[in-house]
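Report on the following structure.
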């Protein structure tokens, strides 16, 4: 196990003691948010990403050890385990190498080689593979045996070659070389299956496509695989066979004689029949894993940004789930998000209904003191927004809300439990309104895969995707903190140390005993023991609590330190929190102990300055351009406001209010090279875009976020002026810090250096 710690420390470039402390805490049941927030002294202030990386790598290495133990046991039972093999197995650092070592001994179904061995041809095969000079035909005749099924010289030679082919294909060094060669030189090649051209038109780009496997972008890998799965495309991932065979010949051909010719035939057969398919399968698995990891990473980051979108906060909200013929479902919610009233309006079905709809909305706004109106951005969303804005409601903020996943929520058990007597349209409208008030609290109620972000989320490894999204939601929930007395059981379940059962127990206890007055009373909740309390308490907030620190992120285990700080200043904790001048007098070094270091003390001081601060940005209202409601309304060159709805490796999708998101390709995100779209935009960010191209038939909108470049200088009067400008350009370029950027073609540093040289 300690060897694992060394490996992880080296891979993550952190100290071994940090790894050891982190793994010990994880093994004791501590969660990633708790470790990164409240155990900084032990881990050397590792953040959540680093703690999760230690956790995941430790699990991988433990799985490797389990497989190692299983192989050693199997080899022992087979009577094949030698000291040399045992040493190799124990030293194998990857699952691939481990399986390669085991492969020749692994019990397998009948093969051509195993049949030849049953015929007694293995000694002959080994003699040929040795490639010493001998009379091939004479030796072959010795193995002709009708009873064993070897009737001719050719059958003896063919059986021997089958054995040699398998020996070569299972050789550890050969497989290692082939694995490396395949990863470096393989090419993805796709072609459309004859007769599927029309059915698979969305894969048109891949009807005749080739690109190196090594540089293939994850979204293209997943697209090709999906096309293959849907029986539209034929996909290969292979390197040139000639070079592969040359590598094997270099290893196995040791002479130039008749035996060597037999080995060469066996080698070519073994490559095409055994090694090539095995290596291609491995490569496809590897590229799929890498593509999955990249797609999951993108999805998780998008989900995190959406979960941490700015909340409007506690307002009286009127929410509308728009519709044309079926009308718009309207609900009114109080400041806590509780349903007060619901009805339906029909502003899009005729003039008389418009008047009734106007009267209904105005009456509801007055009756419930509505402060904000949330409108779903689906069908009839823009038309409903125009209708509501036309009412000129005083002091009411009108906001379009992304309703992705609202229908999933409205049909869920969670929604049925919350609103057993309401239909799904009412539940959907409630969800839209609550998303405006607090996106995080509402979005945790649905499967993260349904919240409308990510790329190819249904094509990736679902268990890995779920684990990553669970991590993301847990991180977001604990970063914000949860109000103990109003939180739903769904959001409580994501709090460090809790889970669905304890979350339900907390809600049941709260319903039976009233609001929690302090964090300590959490220990009265059934089955919530000391460990769960330790993990959860710091992330739970109690508004207007008996102890003011219960409203903050200070962990109860550190209350005594804050009490001492206040005592040393001759004041109370409540007074200390309100007085920034007093806080500035605190010298954290005075409170350092063996258990509490400066990282924790500095966190405490931040909490005293802003108890229970919300890390999310402040809410800003947003509206689309009036009159731009459909794709048909768009023209190239238009500048429009939009909201980023999704980010991928190839760009960002932006909602501009026409029921179809437009794509800002990475090349159009900025006036400079963009390696990672997340460096430029975030999900739910408000941006200004320019319409570049509109393809109404395919519902494709191309957008740009580039700012207009200054016009090129005209009328240079002399070569001297041109030289001066070139010199100034070189000076400006040289003074700019040049980051080390990598794209699909590799390191751009060399290209940047050459570009600088052009100005000399």
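Residue numbers (our numbering): 89 to 848. Cβ atoms here follow ideal geometry from the backbone N, Cα and C, with glycine treated the same way.
message: Excluding the 5 residues flanking residue 794 on each side, which residues of the same chain have their C-beta closer than 7 Å to its C-beta?
response: Excluding sequence neighbours, residue 794 sits near 756, 758, 759.
- prompt: Using the beta-carbon count (16 or more within 10 Å), is residue 174 buried or exposed?
  reply: So residue 174 counts as exposed.
task: Please confirm whether residue 96 and residue 146 have their CB atoms less than 9 Å apart.
output: Here residue 96 is near residue 146, since their CB atoms are less than 9 Å apart.
From 221, 248, 218, 222, residue whose alpha carbon lies closest to that of residue 231: If we check each option's Cα against that of residue 231, 248 comes out closest.
As assigned by DSSP and simplified to three states, the class of residue 666: Three-state DSSP puts residue 666 in a helix.
query: From residue 620 to residue 589, what does the alpha carbon distance come to, in whole angstroms?
result: Rounded to the nearest angstrom, the gap between the Cα atoms of residue 620 and residue 589 is 12 Å.
message: Tell me the DSSP secondary structure of residue 332 in three-state form.
response: Residue state for residue 332 is assigned as helix, using DSSP reduced to three classes.
field: First through last residue of the beta strand (DSSP E) which encompasses residue 502
entry: If you look at residue 502, you'll find it isn't in any beta strand (DSSP E); it sits in the alpha helix (DSSP H) that goes 501–506.
- prompt: Does the separation of the CB atoms of residue 111 and residue 92 fall below 9 Å?
  reply: The answer is yes: Cβ separation under 9 Å.
- prompt: Are there three or more Cβ pairs, one per stretch, closer than 8 Å when the region 374–393 is compared with the region 346–360?
  reply: Contact between the region 374–393 and the region 346–360 is not established, with fewer than three Cβ pairs separated by less than 8 Å.
task: Along the alpha helix (DSSP H) that carries residue 555, what are the first and last residues, could you check?
output: Residues 550–568.
message: Would the region 464–471 count as touching the region 488–502 if we require 3 or more Cβ pairs under 8 Å?
response: Output reads yes: the region 488–502 touches the region 464–471.
field: Cβ shell of residue 781 (< 7 Å), same chain only, five flanking positions each side left out
entry: The residues are 724, 790.
task: Count the CB pairs spanning the region 448–461 and the region 365–377 that are closer than 8 Å, and state whether there are at least three.
output: As far as the Cβ criterion goes, the region 448–461 does not touch the region 365–377, which means the pair count is below three.
- request: Leaving aside the five residues before and after residue 624 along the sequence, list all residues of the same chain whose C-beta is less than 7 Å from its C-beta, in chain order.
  value: Closer than 7 Å at the Cβ level, and outside the excluded window around residue 624, lie 583, 584, 585, 586.
message: Can you tell me which residues form a DSSP beta bridge with residue 406?
response: According to DSSP, which records beta bridges pairwise, residue 406 is partnered with 420, 461.
field: Straight-line gap, residue 305 to residue 367 (C-alpha atoms, nearest Å)
entry: Each residue's Cα considered, the two are about 20 Å apart.
query: Terminal residues of the continuous alpha helix (DSSP H) containing residue 595?
result: For residue 595, the enclosing alpha helix (DSSP H) starts and ends at 588–601.
message: Only counting the same chain, and skipping five residues up and downstream in sequence, which positions put a Cβ closer than 6 Å to that of residue 592?
response: Excluding positions up to five away in sequence, the list reads 577.
Enclosing alpha helix (DSSP H) for residue 477 [first to last residue]: For residue 477, the enclosing alpha helix (DSSP H) has its first and last residue at 469–477.
- prompt: What does residue 730 pair with, by DSSP beta-bridge criteria?
  reply: In DSSP, residue 730 forms a bridge with 775.
field: Residue span of the alpha helix (DSSP H) that contains residue 324, given as start and end
entry: Where residue 324 is concerned, there is no enclosing alpha helix (DSSP H), although the beta strand (DSSP E) it sits in stretches over 321–326.
query: Rounded C-beta distance between residue 392 and residue 564? I'm assuming under 8 Å.
result: 6 Å between Cβ atoms; contact.
message: In this structure, how does DSSP classify residue 691 when only helix, strand and coil are distinguished?
response: Here residue 691 carries a helix assignment [DSSP, helix/strand/coil].
task: Jot down the residue ranges of each uninterrupted beta strand (DSSP E) in the region 481–539, minimum 3 residues, whole runs only, in chain order.
output: DSSP runs (the beta strand (DSSP E)) wholly in the region 481–539: 485–489.
Where residue 812 sits in the DSSP three-state scheme: With a pLDDT of 44 at residue 812, under the threshold of 50, the modelled position of that residue is not reliable, and the figure given next carries that caveat. The answer is helix: DSSP assigns residue 812 an H, G or I state.
field: Runs of beta strand (DSSP E) lying entirely within the region 256–293, each at least 3 residues, in chain order
entry: Listed in chain order, the complete beta strand (DSSP E) runs (minimum 3 residues) inside the region 256–293 are 275–280.
query: For residue 711, which of helix, strand or coil comes out of DSSP?
result: Coil.
Collapsed DSSP secondary structure at residue 93 in the structure displayed: Note: residue 93 maps to helix in three-state DSSP.
message: For residue 740, report the span of its beta strand (DSSP E) as first-last.
response: Note, residue 740: beta strand (DSSP E), 739–743.
- request: Could you tell me which of 473, 627, 506, 203 sits nearest to residue 642, measuring between CA atoms?
  value: For residue 642, the nearest C-alpha among the options comes from 627.
- prompt: The beta strand (DSSP E) spanning residue 365 covers which residue range?
  reply: Taken as a continuous stretch (DSSP letters only), residue 365 belongs to no beta strand (DSSP E), being part of the alpha helix (DSSP H) at 364–395.
query: Looking at residue 473 and residue 712, is the spacing between their C-beta atoms short of 9 Å?
result: Between residue 712 and residue 473, the C-beta gap is smaller than 9 Å, which places the two residues in contact.
task: Count the C-beta pairs between the region 263–272 and the region 219–226 that are closer than 8 Å, then say yes if the count reaches three, no if not.
output: Taking a cut-off of 8 Å on C-beta distances, the region 263–272 does not touch the region 219–226, as fewer than three cross pairs fall below it.
Residue 797 in three-state terms, based on DSSP: Only weak support is given to the placement of residue 797: the predicted model assigns it a pLDDT of 46, under 50, and the value that follows is read from those uncertain coordinates. The answer is coil: DSSP assigns residue 797 none of H, G, I, E or B.
query: Once you ignore the five residues that flank residue 630 on each side, which residues in its own chain have a CB closer than 7 Å to its CB?
result: A distance below 7 Å between beta-carbons, with the five flanking residues on each side excluded, links residue 630 to the following residues of its chain, in chain order: 572, 573, 604, 606, 607, 638, 639.
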